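Remarks on the structure that follows.
Protein chains in written order, with the working numbering: chain A, 440 to 774; chain Y, 10 to 517.
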């Protein structure tokens, strides 16, 4: 075989090798780093507290971030396209309240839930309209939506929690039941994460999300309808928040009009710790979930270590700041 | 001029990690001279400028200013020493007025708590008027790119500098603006200011400068008096090898059938009633001043901007093009003039950049076929000779010329019928430029329609078989191979009538 014949094949092999290193290098470095930190924390905690590494505690931890994790999925995709959504906490609550109120009005809980999710998606569509047609930015639009939707929740419930003890057991099972000792909530969360992580890495439609977030102008000059992409991602983020709201309702058997206030900050923090950039163009779902897991392990540790709740918030904020600073430093070193 | 040099650099090195951007270079600037600094992209010119402007610190070496050894720890220190740098890339505050931008340094150093706007505007206007009558109360964002460049230069003029460094100041200027800039630079020289002038354009260097220093791959090559060398000598030193022919051969026979025909194209504000015919085998150039509407015409043909009237036919078939994806489907692609802003995705891998234009080619059942994407990228990068570590590398790791090749590879990935290229060689080095010109000629020979928009007259004349000149949104005229010349294009572009050339330029 002459060298000339070898070249294309070699080039392809080399190229393939380089891609595996380069394309996912940063992301996988970050994800590996997070896993190491989480494992180190878990090991340290297992010495500090005998209760930490018990199935009960791990399950409680997983439960605590599973439903929020569904919202994180939507937020991460929205961050990649260059947007942000401050209204997710309100939308989670809105979905609960709408579904709950419809159930109390006599609708069967499954249909009521679908309506709740659809209503959440509609909120996303309205935000998407303001972002893409009117031309406002995501931050301001979703800030307004956060307040407006919270107001809607208070109006619908007249400010008092809806008691939903009468929900049928088959529906409550979503939030409270288990399959072989694994709660359905965790299973649903794992399925959502697996599906969207796969789609985000492989689906052509989601590749357009990366193009749009990386350089909107260049995406337009490649024939990508960036406004459509931004619109649908905004809708998806709200719809996933609505889905999470329905699961919360099944879990708690109640719909409180103040539920989810401040949730958006936790969710954005998790996505950013996991590698999503506020400038758009980068981020992975797996990373964001690891970010969520880290915050959850820290919270759980602080509780087990009997640290005052007043300190917990502050410590979580410091972790966010540290994670973002380290990332910034690593990136700057590279360029 | 036998005095000690105003600026002397000895043995300066600069390393970024393992990469040596400069190794042991020297450079000498005499009092009151205009000294050209040449080299391909990556030769280390900008690194040296940034060291002198206090942006970067040298790893090694000495800088002598006025015979005294100095260190330049910050841009502010450079200003105090009287060294001014006009960056190639515009770095102005778009929301502030021209005056506020021009006097940014002075405002920054001001002690008084309140601004004296009256005085600011008067002073700024005086400085600005030396370059161009741009009203200084205008917001910078409302200016054209070339006017922004002039503001950038005016800003440097206000600093009372002994040494002024201009990094490709004419990259965004039109010919007449460039001429005005040259007379200003000569005026500065007469006032005793020494100028370092970085440019890729040999014509400018040879009309303006006294001496020329060439860098290659971070090393000093030579310093010559302009009178002693020819442009070919300088190019040879820059490239380090013989470039036998700067431009590929032109089309020998008559062009073939009509590939693209545009009739009566108008938009709402920039241009009206544009006709254009492109035949197989030829390269059609579009010339004109910046702001004449050249890019707008090309973008409108491709559906990137809305048209109000007009027909577009490809291969004689009328096309309905409402957006860019329609154009791509019809085989019409557009290469943006703003490579970093809208041509490539800098932080994404090369392969992902190339597939962006038509994802359906690398998609099966809605999922990306990475293997197909890699194969496409390998083939195209090999064909275009992109120098890279691998197709998985981010485009930001490539030099300007190779980034542009990736942008072109993206256009070629869809096997276009007609390719409209807006400033295809802006800001890239001589070697890559020659390669891109050859590629365009090959494409044309294979029957792909090639339209080149360029502000560089030598490029239009050297590369194109026929040039259309746009003036104020209308086709001012068309020049065929025999009539092509710098003067003829400039006359059409600026609207100066001259009976002797009017016959040559048969007005369309």
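The beta-carbon is built from N, C-alpha and C at its ideal position, and this holds for glycine as well. Predicted, not measured: the structure shown is a model, and the values here were computed from it.
Beta-carbon gap between residue i and residue j smaller than 9 Å
i, j, result
"residue 160 of chain Y", "residue 197 of chain Y", "no"
"residue 488 of chain Y", "residue 480 of chain Y", "no"
"residue 702 of chain A", "residue 510 of chain A", "yes"
"residue 260 of chain Y", "residue 484 of chain Y", "no"
"residue 300 of chain Y", "residue 40 of chain Y", "no"
"residue 287 of chain Y", "residue 459 of chain Y", "yes"
"residue 184 of chain Y", "residue 464 of chain Y", "yes"
"residue 404 of chain Y", "residue 353 of chain Y", "yes"
"residue 409 of chain Y", "residue 436 of chain Y", "yes"
"residue 166 of chain Y", "residue 88 of chain Y", "no"
"residue 244 of chain Y", "residue 211 of chain Y", "yes"
"residue 336 of chain Y", "residue 431 of chain Y", "no"
"residue 14 of chain Y", "residue 37 of chain Y", "yes"
"residue 419 of chain Y", "residue 445 of chain Y", "no"
"residue 214 of chain Y", "residue 62 of chain Y", "no"
"residue 491 of chain A", "residue 732 of chain A", "no"
"residue 653 of chain A", "residue 175 of chain Y", "no"
Of the listed residues the options, nearest to residue i (C-alpha basis)
i, options, result
"residue 173 of chain Y", "Y/107, Y/86 and Y/194", "Y/194"
"residue 592 of chain Y", "Y/381, Y/461 and Y/450", "Beyond the ends of chain Y as shown, which are 10 and 517, falls residue 592 of chain Y; an answer cannot be given."
"residue 492 of chain Y", "Y/482, Y/478, Y/303 and Y/503", "Y/478"
"residue 99 of chain Y", "Y/154, Y/392, Y/144 and Y/415", "Y/154"
"residue 595 of chain A", "A/555, A/567 and A/483", "A/555"
"residue 708 of chain A", "A/514, A/538 and A/612", "A/514"
"residue 609 of chain A", "A/547, A/534 and A/664", "A/547"
"residue 367 of chain Y", "A/712, A/646 and A/745", "A/646"
"residue 696 of chain A", "A/749, A/534 and A/497", "A/534"
"residue 233 of chain Y", "Y/466, Y/86, Y/498 and Y/47", "Y/47"
"residue 313 of chain Y", "Y/296, Y/325, Y/344 and Y/283", "Y/344"
C-alpha distance - residue i paired with residue j, whole-angstrom precision
i, j, result
"residue 460 of chain A", "residue 359 of chain Y", "Its pLDDT being 37, under 50, residue 460 of chain A is placed unreliably by the model, and the measurement read from it follows with that caveat. About 13 Å."
"residue 668 of chain A", "residue 19 of chain Y", "55 Å"
"residue 560 of chain A", "residue 681 of chain A", "7 Å"
"residue 623 of chain A", "residue 685 of chain A", "13 Å"
"residue 82 of chain Y", "residue 230 of chain Y", "27 Å"
"residue 447 of chain Y", "residue 262 of chain Y", "18 Å"
"residue 399 of chain Y", "residue 721 of chain A", "20 Å"
"residue 462 of chain A", "residue 401 of chain Y", "Note on residue 462 of chain A: pLDDT 45, under 50, position unreliable in the model; the coordinate value appears next. Answer to the nearest angstrom: the Cα atoms are 6 Å apart."
"residue 109 of chain Y", "residue 744 of chain A", "57 Å"
"residue 583 of chain A", "residue 113 of chain Y", "36 Å"
"residue 591 of chain A", "residue 516 of chain A", "26 Å"
"residue 319 of chain Y", "residue 342 of chain Y", "18 Å"
"residue 510 of chain Y", "residue 473 of chain Y", "Unreliable placement is indicated for residue 510 of chain Y, whose pLDDT of 41 sits below 50; no coordinate value is reported for it."
"residue 519 of chain Y", "residue 351 of chain Y", "An answer regarding residue 519 of chain Y cannot be provided, because it is not within the stretch 10 to 517 covered by chain Y."
"residue 116 of chain Y", "residue 97 of chain Y", "23 Å"
"residue 290 of chain Y", "residue 340 of chain Y", "16 Å"
"residue 577 of chain A", "residue 566 of chain A", "8 Å"
"residue 283 of chain Y", "residue 469 of chain Y", "20 Å"
Per DSSP, the bridge partner or partners of residue i
i, result
"residue 35 of chain Y", "Paired residue(s): none; residue 35 of chain Y is not in a bridge."
"residue 233 of chain Y", "Y/221"
"residue 430 of chain Y", "Y/344 and Y/461"
"residue 285 of chain Y", "Y/271"
"residue 621 of chain A", "A/618"
"residue 228 of chain Y", "Y/225"
"residue 106 of chain Y", "Y/148"
N-terminal and C-terminal residue of the beta strand (DSSP E) that residue i is part of
i, result
"residue 24 of chain Y", "16–25"
"residue 240 of chain Y", "Segment 240–248 is the alpha helix (DSSP H) holding residue 240 of chain Y; no beta strand (DSSP E) there."
"residue 424 of chain Y", "Segment: none, residue 424 of chain Y is in no beta strand (DSSP E) and carries neither H nor E."
"residue 206 of chain Y", "203–207"
"residue 176 of chain Y", "172–176"
"residue 326 of chain Y", "326–328"
"residue 577 of chain A", "Taken as a continuous stretch (DSSP letters only), residue 577 of chain A belongs to no beta strand (DSSP E), being part of the alpha helix (DSSP H) at 577–596."
"residue 290 of chain Y", "Where residue 290 of chain Y is concerned, there is no enclosing beta strand (DSSP E), given that its DSSP letter is neither H nor E."
"residue 45 of chain Y", "43–47"
Where the alpha helix (DSSP H) through residue i begins and ends
i, result
"residue 550 of chain A", "548–568"
"residue 54 of chain Y", "54–61"
"residue 475 of chain Y", "Premise fails: residue 475 of chain Y lies in the beta strand (DSSP E), 475–480, not in any alpha helix (DSSP H)."
"residue 71 of chain Y", "Here residue 71 of chain Y belongs to no alpha helix (DSSP H); instead the beta strand (DSSP E) covers 69–74."
Closer than 8 Å: residue i CB and nearest the ligand FMN heavy atom
i, result
"residue 415 of chain Y", "Ligands are entirely absent from the displayed structure, and the ligand FMN is therefore not among its contents."
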